[in-house]
Each structure stands twice: as structure tokens, then as C-alpha cells.
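Going down the list, the protein sequences come from chains R and P. Numbered as in numbering that gives the first Met the number 0, the first sequence ends at 229 without a single skipped number. Numbered as in numbering that gives the first Met the number 0, the second sequence ends at 229 without a single skipped number. Glycine included, each C-beta is placed from N, C-alpha and C at the ideal position. All values reported here derive from a predicted model rather than from experimental measurement. What follows is a short report on a single structure.
There are 2 protein chains.
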Amino acid sequence: MKAQTGTRRRGGSDAQRSRSKKREREIIDTAAEIFHRQGYADTSVQDVADAVGILKGSLYYYIDSKEDLLFQVLVEVHEDAQGIIDDVGSMDATPLEKLYEYVRRHIDYNTRNLSKIAVYYHDFGLLGPDRRKEIVKQRAMYEDFVVSVIQEAQERGEVDDTLDARLVANAVFGTMNWIYTWYRPGGRAGPEYLGQLYAELVVNGITGATMPAALPARKRRAAKGSRASR
Amino acid sequence: MKAQTGTRRRGGSDAQRSRSKKREREIIDTAAEIFHRQGYADTSVQDVADAVGILKGSLYYYIDSKEDLLFQVLVEVHEDAQGIIDDVGSMDATPLEKLYEYVRRHIDYNTRNLSKIAVYYHDFGLLGPDRRKEIVKQRAMYEDFVVSVIQEAQERGEVDDTLDARLVANAVFGTMNWIYTWYRPGGRAGPEYLGQLYAELVVNGITGATMPAALPARKRRAAKGSRASR
Numbered sequence: 000m001k002a003q004t005g006t007r008r009r010g011g012s013d014a015q016r017s018r019s020k021k022r023e024r025e026i027i028d029t030a031a032e033i034f035h036r037q038g039y040a041d042t043s044v045q046d047v048a049d050a051v052g053i054l055k056g057s058l059y060y061y062i063d064s065k066e067d068l069l070f071q072v073l074v075e076v077h078e079d080a081q082g083i084i085d086d087v088g089s090m091d092a093t094p095l096e097k098l099y100e101y102v103r104r105h106i107d108y109n110t111r112n113l114s115k116i117a118v119y120y121h122d123f124g125l126l127g128p129d130r131r132k133e134i135v136k137q138r139a140m141y142e143d144f145v146v147s148v149i150q151e152a153q154e155r156g157e158v159d160d161t162l163d164a165r166l167v168a169n170a171v172f173g174t175m176n177w178i179y180t181w182y183r184p185g186g187r188a189g190p191e192y193l194g195q196l197y198a199e200l201v202v203n204g205i206t207g208a209t210m211p212a213a214l215p216a217r218k219r220r221a222a223k224g225s226r227a228s229r
Numbered sequence: 000m001k002a003q004t005g006t007r008r009r010g011g012s013d014a015q016r017s018r019s020k021k022r023e024r025e026i027i028d029t030a031a032e033i034f035h036r037q038g039y040a041d042t043s044v045q046d047v048a049d050a051v052g053i054l055k056g057s058l059y060y061y062i063d064s065k066e067d068l069l070f071q072v073l074v075e076v077h078e079d080a081q082g083i084i085d086d087v088g089s090m091d092a093t094p095l096e097k098l099y100e101y102v103r104r105h106i107d108y109n110t111r112n113l114s115k116i117a118v119y120y121h122d123f124g125l126l127g128p129d130r131r132k133e134i135v136k137q138r139a140m141y142e143d144f145v146v147s148v149i150q151e152a153q154e155r156g157e158v159d160d161t162l163d164a165r166l167v168a169n170a171v172f173g174t175m176n177w178i179y180t181w182y183r184p185g186g187r188a189g190p191e192y193l194g195q196l197y198a199e200l201v202v203n204g205i206t207g208a209t210m211p212a213a214l215p216a217r218k219r220r221a222a223k224g225s226r227a228s229r
């Protein structure tokens with residue numbers, strides 16, 4: 000894990016490497032849970048070792064510092080997020096169908112990986128400057144993906160092309176990412192339901208939305224009513 | 000400021016109290032900016048005193064601890080947020096017009112008070128348990144307001160009444176509050192434009208959104224198309 004991705008290669012059989020990789024993910028997941036529960040500042044490497052059930056010395060086989068643990072949580076989230084973008088990007092579907100599917104899957108992931116997502120968004124500022132820069136660059140990639148899908152929908156005339164696609168994308172990320180601040184597993188909405196509801200709100204929200212900033216509010220609402228009959 | 004609201008009363012004339020209140024707000028605003036810029040953990044009471052340009056001893060006229068400063072930032076945000084709810088709640092308007100106006104004004108406030116809002120959402124977990132509980136209770140109030148407005152719109156048949164109003168409200172808060180993570184003053188979107196755009200996306204998103212969870216995605220999209228002609 001000292002390199003950005005994957006297990007340290009110190010030789011050994013495939014089976015050994017597979018066990019090592021599995022242990023590595025267990026360490027990262029556990030670190031994310033503890034960071035989320037008691038805060039990064041109040042967590043020690045010893046806390047993580049205790050929770051995993053290994054000696055602190057063994058943990059240092061995988062990492063050099065607590066910040067390494069934090070960074071690895073973020074790298075794992077990024078790899079998963081990239082996987083969703085790859086899947087959705089290669090769908091044979093319209094831009095709005097892709098947007099729907101992206102929101103649905105991203106929320107499914109967020110709700111099932113709350114601790115990692117909370118750490119990803121809340122604590123990334125605690126990284127050193129170089130690593131922080133790397134995370135910011137990765138995030139720009141998700142944003143670019145959503146922006147491009149919205150722009151494709153605009154080119155097809157399915158979304159008002161006067162809307163600023165990047166500002167709209169930020170609204171979409173707000174809807175998806177704010178979830179870590181309030182969602183608790185076991186509540187009345189499961190990942191599937193929430194993913195579908197929010198995908199519906201997002202796609203419905205940008206389909207037909209207009210930005211006649213110069214019109215007073217009451218005329219705007221009237222304009223909205225008339226749009227439905229077009 | 001040791002009491003929850005307002006300046007310590009140590010007597011003095013109205014003019015003295017007014018000056019004291021003004022200084023108090025200056026201290027709170029400065030504390031918010033420093034917490035936001037360098038992080039609560041890395042900020043000392045001395046840093047705040049230096050930035051305001053008073054002696055640390057003078058700062059202790061207003062507060063007992065750094066946590067008092069944090070709490071006062073949150074109390075100030077709450078009072079402002081409550082003011083918006085009171086204004087919008089008393090409007091002579093339909094529920095959706097109220098929702099539009101609430102989103103617009105909340106975003107206008109968020110973009111003009113980025114540091115305070117960032118501290119409000121990012122750092123409230125650093126308060127002691129009693130004060131944290133108080134903030135959570137206050138937040139539930141804003142949520143209840145948005146939920147009630149959505150429910151009124153559902154009762155009037157303007158929003159699909161099978162949608163869960165509380166989950167929809169959480170999406171609305173995500174759109175509004177995520178702003179502190181990406182918005183920078185002086186960018187291409189000013190507070191007015193962003194408030195109008197997001198209010199439009201939110202109101203448009205819930206107007207006509209349906210939740211036919213049992214339908215496959217492609218039928219759902221078809222159903223959406225047909226809705227526009229109703």
C-alpha cells in the first residue's frame with residue numbers, strides 16, 4: 000500500500016498475495032469505520048490494529064503512517080467510483096439514461112459504503128498537499144463525466160442549452176454526496192429505493208428546467224406550466 | 000456570548016451595548032473565517048484575537064473557550080436561517096412558490112457566508128454532546144419546514160403524493176448545502192444566479208417526478224414522456 004495502488008509485492012505465491020490483498024482491504028475498511036466513528040484526529044494506528052486484531056507492527060507491513068491509511072481509504076473510493084463511471088460510460092443508452100443510471104449507482108455505492116464516503120468527503124483536507132492535489136484531480140474527473148453527459152443531452156435538445164452544465168453537475172453531486180451526512184442504514188429507504196428516487200429527481204429536475212433569469216418569479220412559474228403542453 | 004444568545008449584560012448604556020454587539024459579531028465572523036481557512040483543530044484563541052486585533056484577555060470578555068467561539072458561529076447561522084424560514088413561511092404564496100423562494104434565499108445566504116456555513120456543516124461534530132444535540136434539534140426544524148411545504152404541495156396535487164417528502168427534503172438540502180464544498184466567490188455564478196438556477200432545478204425536479212419503483216427503467220422513461228402531455 001505504500002505505492003498508490005495495491006499490495007506491496009514482496010514475492011510469494013498467488014495465494015499469499017490474495018490473502019495479503021484481502022487483509023489490506025479489511026484494514027482499509029476498518030480504518031474508515033473508526034475514522035468515521037471517532038474522528039481522524041482522535042484515532043491512532045494502534046486503534047486500527049486493535050480493531051483488525053493484529054499487532055501494530057504487522058500493520059506497518061502495509062502502511063508507514065496514519066495518513067497512509069487515510070489516503071488508502073480515498074484511493075479505494077476513487078477506484079470504485081471510477082468503476083461506476085467506466086460501466087455507465089460504456090452503456091448503450093441516451094445521455095439522460097446514463098445520468099439516471101450514474102446517480103442510481105453512485106447513491107447505491109454511497110449508502111453501502113457510508114464510512115468510506117464520509118471520510119472521503121469530510122477528511123480529505125487532512126492529507127498533505129501533494130496527495131490532496133491528487134484527490135482533487137480525481138474528483139474533477141467525475142465532475143467532467145457528469146458535465147459531458149449533460150452537455151450531450153443539451154446537444155440532443157433534451158436539456159435547455161442555456162443551463163450551465165457545470166453548475167448543474169454540482170447540484171447533482173450535492174444531491175448524491177450529502178447523503179453521508181444524514182443516511183443511516185436500516186432506515187425506511189434502502190439503497191435501491193433512494194437511488195431510484197434521487198435519479199428520478201435529478202433527471203426530472205434538469206429535463207425541462209429553464210433559466211429565464213430576467214423574468215419575475217410569477218411569470219417564470221407560468222412559463223413552466225406552458226412548457227408541459229409543448 | 001456565554002449565554003446562548005447575545006452579548007453579556009454587564010450594564011452600560013445602549014450605545015455601549017451596541018458597540019459590544021458589533022464587536023461580538025466581528026469576533027464570530029473572524030473566528031469562522033480562520034476555522035474555515037486553517038481548520039478548527041489548528042486554530043487557537045490567540046489566532047482569533049490577533050486577527051480581530053484585540054488582546055486575548057479582551058476576547059475572554061466574550062467567551063470562555065475556543066468551543067464557545069465555534070458554538071457562537073453555529074448559533075449565528077441558526078438565527079439567520081430561522082429568519083429566512085420566518086420570512087418565507089409568512090409569504091402569501093403557493094407551497095411550490097415558497098419552496099422556490101426558500102431555496103433561492105438559502106443559497107443566497109450560503110454563498111455570501113461561505114466560511115460560517117462551512118464551519119456549521121463541517122465542524123459541528125466537534126462540539127460537546129449537549130451543544131451538538133442542540134444544533135441537531137435546530138436542523139430538524141429547517142428540515143420540518145421543507146417537509147411541510149412539500150406535503151402541502153402534495154395535498155394540492157402539485158407533487159406526486161407517493162414521494163417520501165422527507166427523503167425529497169434531504170435531496171433539497173444536499174443541493175443547497177453542498178455549495179460550501181465547491182463555491183468560490185468571484186466565480187462565474189453570483190449568489191443571485193445560483194439561487195435562481197438551483198431553485199428552478201429543485202422545484203422542477205419534484206414537480207412531475209414519479210416513483211414507479213416496480214417499472215423497469217425504460218418503461219419509466221416512457222411514462223415520463225407521456226406525463227408531459229397530461
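Buried or exposed: which applies to residue i, given that a residue is buried once 16 or more other Cβ atoms fall within 10 Å of its Cβ?
| i | result |
| --- | --- |
| G204 (chain P) | buried |
| P184 (chain R) | exposed |
| G194 (chain P) | buried |
| Q71 (chain P) | buried |
| A40 (chain P) | exposed |
| T161 (chain R) | exposed |
| K65 (chain R) | buried |
| L58 (chain P) | buried |
| V118 (chain P) | buried |
| R138 (chain P) | buried |
| K55 (chain P) | exposed |
| E191 (chain R) | exposed |
| A31 (chain P) | buried |
| K252 (chain R) | Given that chain R is displayed from residue 0 to residue 229, the structure contains no residue 252 (chain R) and the question cannot be resolved. |
| A14 (chain R) | exposed |
Using a Cβ-Cβ distance under 8 Å, would residue i count as near chain P?
| i | result |
| --- | --- |
| H35 (chain R) | no |
| D163 (chain R) | yes |
| Y197 (chain R) | yes |
| H121 (chain R) | yes |
| S225 (chain R) | With a pLDDT of only 34 at S225 (chain R), under the threshold of 50, the placement of this residue in the model should not be trusted, and no figure is reported. |
| T110 (chain R) | no |
| M210 (chain R) | yes |
| G82 (chain R) | no |
| L69 (chain R) | no |
| I178 (chain R) | yes |
| I134 (chain R) | no |
| L54 (chain R) | no |
So with Cβ pairs under 8 Å, would you call residue i a contact of chain R?
| i | result |
| --- | --- |
| V201 (chain P) | yes |
| T174 (chain P) | yes |
| G189 (chain P) | no |
| V167 (chain P) | yes |
| I116 (chain P) | no |
| A40 (chain P) | yes |
| L98 (chain P) | no |
| G207 (chain P) | yes |
Hey, how far is the Cα of residue i from the Cα of residue j?
| i | j | result |
| --- | --- | --- |
| Q99 (chain P) | M175 (chain R) | Looking at the sequence shown, residue 99 (chain P) is not Gln but Tyr. If I take the Cα positions, the gap works out to 20 Å. |
| L214 (chain R) | A170 (chain R) | Residue placement at L214 (chain R) cannot be trusted, given a pLDDT of 27 that sits under 50; what the coordinates show is reported in the next sentence. Approximately 22 Å between the Cα atoms of the pair. |
| A198 (chain P) | D46 (chain R) | 45 Å |
| D122 (chain R) | K21 (chain R) | 24 Å |
| R104 (chain R) | G189 (chain R) | 13 Å |
| D67 (chain P) | D79 (chain P) | 18 Å |
| E23 (chain R) | I53 (chain R) | 12 Å |
| Y108 (chain P) | I83 (chain P) | 9 Å |
| R18 (chain P) | Q37 (chain R) | 41 Å |
| T42 (chain P) | R155 (chain R) | 51 Å |
| M240 (chain P) | I178 (chain P) | As shown, chain P starts at 0 and ends at 229. That puts residue 240 (chain P) outside it, with no answer to give. |
| D28 (chain R) | D86 (chain P) | 45 Å |
| D159 (chain P) | G11 (chain P) | 57 Å |
| K115 (chain R) | W181 (chain R) | 14 Å |
| I106 (chain R) | Q81 (chain R) | 14 Å |
| R16 (chain R) | E25 (chain R) | 14 Å |
| R187 (chain R) | D163 (chain P) | 10 Å |
| A50 (chain R) | V44 (chain P) | 35 Å |
| H77 (chain R) | Y61 (chain P) | 44 Å |
| N232 (chain R) | Y120 (chain R) | Outside the displayed range of chain R (0 to 229) lies residue 232 (chain R), so it cannot be described from this structure. |
| E133 (chain P) | A48 (chain P) | 27 Å |
Do residue i and residue j have their CB atoms nearer than 8 Å?
| i | j | result |
| --- | --- | --- |
| G173 (chain P) | G207 (chain R) | no |
| F144 (chain R) | G88 (chain R) | yes |
| V135 (chain R) | R165 (chain R) | no |
| L196 (chain P) | M140 (chain R) | no |
| V102 (chain P) | V167 (chain P) | no |
| P94 (chain R) | E157 (chain R) | yes |
| R131 (chain P) | G124 (chain P) | yes |
Tell me whether residue i counts as near the ligand SAH, meaning its Cβ is closer than 7 Å to at least one heavy atom of that ligand.
| i | result |
| --- | --- |
| L113 (chain R) | Looking for the ligand SAH in the displayed structure turns up nothing, as the structure carries no ligands at all. |
Cβ pair count under 8 Å reaching 3, the segment 63–82 of chain R against the segment 147–160 of chain R: no
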